[in-house]
Amino acid sequence: MKSKAMNEVTLTFPSRSSNEGFARSAAACFAAQMDPTLNELEDIKTAVSEAVTNAIVHAYPDAIGMVTLKLRVCPGNILELTVKDKGRGIPDVEKARQPMFTTGGEERSGMGFTIMESFMDQLLVRSVPGRGTTVTMKKKLAPRIKTK
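The sequence shown maps to residues 17 to 164 in the numbering used here.
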């Protein structure tokens, strides 16, 4: 069950590689309201980069499609990030989540999901072949002591 977001934003953009940097920056700017540490901010940017790159490279290998990035601030100082595409989907999500597995050719490392999982507290991948993929990640940010 989804918790009620205290704030959220949804961005939709074409699956062009130039938009990966935009998505990274947008996620970092949105997360800034939660006063993350620099390490947490880097984790968020890296995970978003991997998820968006997966959508660009794998969901739409031969065409430009749309990618949606949804960012939510949830109770308990949890940042939820969702990257969704309506591309070709993943036939075997468990196999795709294995380190070093890729369908993207020699230039791809096959570490995208592994990296996302290592930088986030929770990673959920839902996919339907021919209909698209939704990657939902959650990260609990450390509470910061406020000084006067």
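The beta-carbon is built from N, C-alpha and C at its ideal position, and this holds for glycine as well.
Being a predicted model, the structure only gives us computed values, none of them experimental.
What's the gap between the Cα of residue i and the Cα of residue j?
i	j	result
residue 136	residue 100	17 Å
residue 74	residue 133	18 Å
residue 105	residue 112	11 Å
residue 27	residue 47	14 Å
residue 85	residue 76	16 Å
residue 57	residue 39	13 Å
residue 31	residue 68	8 Å
residue 25	residue 66	19 Å
Following the continuous alpha helix (DSSP H) through residue i, name the residue where it begins and the one where it ends.
i	result
residue 59	54-70
residue 111	109-112
residue 48	Residue 48 -> no alpha helix (DSSP H), and no H or E assigned at all.
residue 106	First-last for residue 106: undefined, no H or E at that position.
For the beta strand (DSSP E) that residue i lies in, which residues bound it at each end?
i	result
residue 154	148-156
residue 93	Where residue 93 is concerned, there is no enclosing beta strand (DSSP E), given that its DSSP letter is neither H nor E.
residue 144	138-144
residue 73	First-last for residue 73: undefined, no H or E at that position.
residue 30	23-30
Compare the Cα-Cα distances from residue i to each of the options and report the closest residue.
i	options	result
residue 87	103, 50, 81, 158	50
residue 64	109, 45, 76, 79	45
residue 107	58, 141, 81, 39	141
residue 109	81, 82, 70	70
residue 72	159, 139, 25, 29	29
residue 159	52, 130, 85, 41	52
residue 130	59, 25, 54	59
residue 79	103, 62, 61, 66	103
residue 61	114, 128, 149	128
From the DSSP secondary-structure annotation, give me the bridge partner or partners of residue i.
i	result
residue 100	84, 150
Note to self: Does the region 139-153 come into contact with the region 28-43, if we say contact requires no fewer than three beta-carbon pairs (one atom in each stretch) closer than 8 Å?
What the structure shows: no
Note to self: For the structure I just gave you, are there three or more beta carbon pairs, one from the region 150-160 and one from the region 87-102, closer than 8 Å?
What the structure shows: yes
Note to self: Quick test of the definition: if touching needs 3 or more C-beta pairs under 8 Å, does the region 76-91 touch the region 21-29?
What the structure shows: yes
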